[in-house]
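Participant: Just passing along the structure, written as structure tokens.
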Amino acid sequence: MSSVELLKPVVDVIFKKIFGQDKKTCLAFICAVLGWDPEDVKELDFEFGDKDLIPAYPDSKEGILDVLVKLGNGNIINIEIQITHQPYYAKRCLFYWAHKYHTQLEAGGRYADLNKVIGIHILTENYFHQYTEMHNEFAICHTQTKERVEQMGDLELHFIELAKFNNQWEQDALSHWCLFLKEPMMITDKLDADTSIKRAYEELEKLSLDKKLRGVYEARLKALRDFESAVDGGFEKGKAEGRAEGKAEGKAEGLKEASRLLIHTMHQNGCSIEQIAQMTSLSVGDIQKLLQ
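Residues 3 to 294 (the numbering used here) make up the sequence shown, in order.
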């Protein structure tokens, strides 16, 4: 058993370092989610995409996709981790998918050149309360026959809800990865763990020993909690006022306060303005104004 206090791999800054840098680890996780045979894709050609900036909200600042993978055949896989409560997360996922789909075409491009985009979303909370399964897959289906439509197969979304995972070490690879994400300490006594999971665990141990990274991690975790609290507070204020405009004002106020709290928390925990800009995608000027 590790004597190190492990960082939580579900916090985005840690998740990106584990799954967004090592190709073997990332591919093993993708295979577990999509049901691919690792032997069939071990020579698969792919690369990590550049940091992709897209709006977190249609009228707000930009956000960075967690892990973006571009396969050799042109298909794209976007992997997102979400640990805060967002009631409209499904709409955000569709927004992200649409962004990645339409930005494939350059001016004068052909629709025939568009490639499939697969979204993998890991949530720590229950979102789809109507389903009991931990892993839910969504695609375009014919409403009468319930069959998937091959001609519209470019859309594929997977949701992993860790709150529904029972922490049991089953035979399938996905349950092994879910255990690592949810309770990494429980991996240490699993002698039959896949080499990719062992490698991910070893990387998590190394990251947990990095004092500078731990400071960034603590700041990010607190900022996420403050953000969620501020947004929820904005919604409650709008709800209490009982007017549609009050709700909109409350949400806007909550988002503004959340941004301010996030920036101040990260700065107080030792993050430079440049580091905050990199992690939040706000401009240096905007950050300086929020710190005043």
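Even glycine gets a Cβ: it sits at the ideal position worked out from N, Cα and C. Note that this is a predicted model, so its numbers are computed, not measured.
1) Under the three-state reduction of DSSP, which class applies to residue 137: helix, strand or coil?
2) Please name the residue, chosen from 6, 20 and 157, that lies closest to residue 116 on a Cα-to-Cα basis.
3) Near residue 181, which residues of its chain fall below 7 Å by C-beta distance, leaving aside the five closest residues on each side in sequence?
4) Are the beta-carbon atoms belonging to residue 183 and residue 11 less than 8 Å from one another?
5) Only counting the same chain, and skipping five residues up and downstream in sequence, which positions put a Cβ closer than 7 Å to that of residue 289?
6) Locate the alpha helix (DSSP H) running through residue 199, then write down its first and last residues.
7) Are residue 130 and residue 108 close, meaning C-beta to C-beta below 8 Å?
8) Can you have a look at residue 134 and say buried or exposed, based on whether 16 or more other CB atoms are within 10 angstroms of its CB?
9) In three-state terms, what does DSSP make of residue 22?
10) Since residue 119 sits in a beta bridge, which residues does DSSP pair it with?
11) Is residue 80 near residue 91, with beta carbons less than 8 Å apart?
12) Hey, out of 44, 16, 8 and 7, whose CA is closest to residue 198's CA?
13) Report back the beta-carbon spacing between residue 177 and residue 6 to the nearest angstrom; my notes put them in contact at under 8 Å.
14) To the nearest angstrom, how far is the alpha carbon of residue 223 from that of residue 88?
15) Output the boundary residues of the alpha helix (DSSP H) element that contains residue 71.
16) In terms of residue numbering, what span does the alpha helix (DSSP H) encompassing residue 41 cover?
17) Please say whether residue 35 and residue 85 have beta carbons closer to each other than 8 Å?
18) Between which residues of its own chain and residue 1 is the CB-CB distance below 7 Å, once the five residues before and five after are set aside?
19) Is the separation between the beta-carbon of residue 218 and that of residue 273 shorter than 8 Å?
Facilitator: Inspection of the coordinates gives the following:
1) strand
2) For residue 116, the closest C-alpha among the options 6, 20 and 157 is that of 157.
3) 169, 171, 188 and 189
4) yes
5) 265, 275, 278 and 279
6) 197 to 210
7) Against a cut-off of 8 Å, the Cβ pair of residue 108 and residue 130 comes out as no contact.
8) Taking every protein chain shown into account, the CB of residue 134 has fewer than 16 other CB atoms within 10 angstroms, so this residue is exposed.
9) In the structure shown, the three-state DSSP call for residue 22 is coil.
10) 78 and 157
11) no
12) 44
13) At roughly 24 Å, the Cβ-Cβ gap does not stay under 8 Å, so residue 177 and residue 6 are not in contact.
14) 16 Å
15) Residue 71 -> not in any alpha helix (DSSP H); beta strand (DSSP E) instead, spanning 69 to 73.
16) 40 to 43
17) no
18) The structure shown has nothing for residue 1, since the chain only spans 3 to 294.
19) yes
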